[in-house]
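*Asks:* FYI, in this note's numbering the residues of the sequence shown are 418 to 655.
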Amino acid sequence: MIFYRKIGVIRAMTFDLDDTLYDNMPYIYAAEAALSQYITEHYPNAASISKEQWFTFKQCALQNSPVIKYDMGQLRLATLRLGFASVGYADDTLEAAAHDCFTYFYAQRSNFTVPKHYTDVLASLAGKIPLVAITNGNVNVDTIGIGEYFTHVYHASIDHRAKPHSDMFVKASQALGIAPQYILHVGDNMTNDVLGAYQNGYKSAWYAADRHMNMSHEPVKCLPDVQLDRFSDLLHWV
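Structural data, given as structure tokens:
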């Protein structure tokens, strides 16, 4: 471990999920491919929509409702609506198609389990201190095998803006009933996690499951309190 600041007593931990406990992008790419095949098989009228067109619909959805940038689920659902509307779906048929495809994608997006060497550490930690998940994504923590370790799970949404905004950091501290300076936030992103934690009075541990951790390759805005060598280093605080 590399310590950049003194940490002191830790009474709880919060966790980012995507790219912290697993490499997220392969699962997203696989879910995108599965959704494309699903649309081709079940909604052939929409099979001709290209990736470029889907991207345009996504940008239109953001322009129509900028606040949904914080909610990946609502953004995808709005994008699906625009895509299906462009090929003639309307009213109840449009809503049914959009919701069906979103439900399918969401299931595929969470179609994996977190590796055992991570869940073993989470289990050990959860036996000693409360853990909370705060994620900008929308993975299903129960499906991927980690829901049992968290007392609370917060996803970025219209009501809870994405990190590094304060919303989920404040929500977690309030739910735990523990002051921020006694909470260690673990995450891979230098802005969303490290800077977000610092700005909200948390301690921060930098750890990434998806890449080699080289500080010189990161967009550093704020140093973490500690850089972990291994995920199991977290057991140091319990």
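Beta carbons are placed, not taken as given, at the ideal position from N, Cα and C, and that holds for glycine.
Compute the distance between the beta-carbons of A450 and I456, then report whether it is under 8 Å.
*Replies:* No. Outside cutoff.
*Asks:* When you compare each of L651, P443 and S621 to F529 by their alpha carbons, which one comes out closest?
*Replies:* Closest option to F529, Cα to Cα, is P443.
*Asks:* Start and end of the beta strand (DSSP E) containing K620?
*Replies:* Segment K620 to W623, the beta strand (DSSP E) holding K620.
*Asks:* Expressed to the nearest angstrom, what Euclidean distance is found between the alpha-carbon atoms of F472 and D440?
*Replies:* Distance between the alpha carbons of F472 and D440 is about 23 Å.
*Asks:* Determine the DSSP secondary structure at F432, reduced to helix, strand or coil.
*Replies:* If DSSP states are grouped into helix, strand and coil, F432 belongs with the strands.
*Asks:* Go to Y455, then tell me how far its alpha helix (DSSP H) extends in each direction, as first and last residue.
*Replies:* First-last of the alpha helix (DSSP H) with Y455: M442 to H459.
*Asks:* Nearest-angstrom Cα distance between P461 and G490?
*Replies:* In a straight line, the C-alpha of P461 is about 23 Å away from that of G490.
*Asks:* With a cut-off of 8 Å on the beta carbons, I'd call L652 and S541 a contact; round off their distance for me.
*Replies:* Rounded, the Cβ-Cβ distance is 6 Å, consistent with contact.
*Asks:* Hey, out of I485, T431 and I466, whose CA is closest to R710's CA?
*Replies:* Look at the range of the chain in this structure, 418 to 655, and you will see that residue 710 is not part of it.
*Asks:* Counting pairs of beta carbons, one from the segment 558 to 565 and one from the segment 573 to 591, are three or more of them closer than 8 Å?
*Replies:* In short, these stretches do not touch, since the Cβ pair count stays below three.
*Asks:* Give the single residue among T437, K468 and A622 whose Cα lies nearest to the Cα of L452.
*Replies:* If we check each option's Cα against that of L452, K468 comes out closest.
*Asks:* Around the C-beta of P636, are 16 or more other C-beta atoms found within 10 angstroms, so that it is buried, or is it exposed?
*Replies:* Exposed.
*Asks:* Around the Cβ of G604, are there at least 16 other Cβ atoms within 10 angstroms (buried) or fewer (exposed)?
*Replies:* G604 should be labelled buried.
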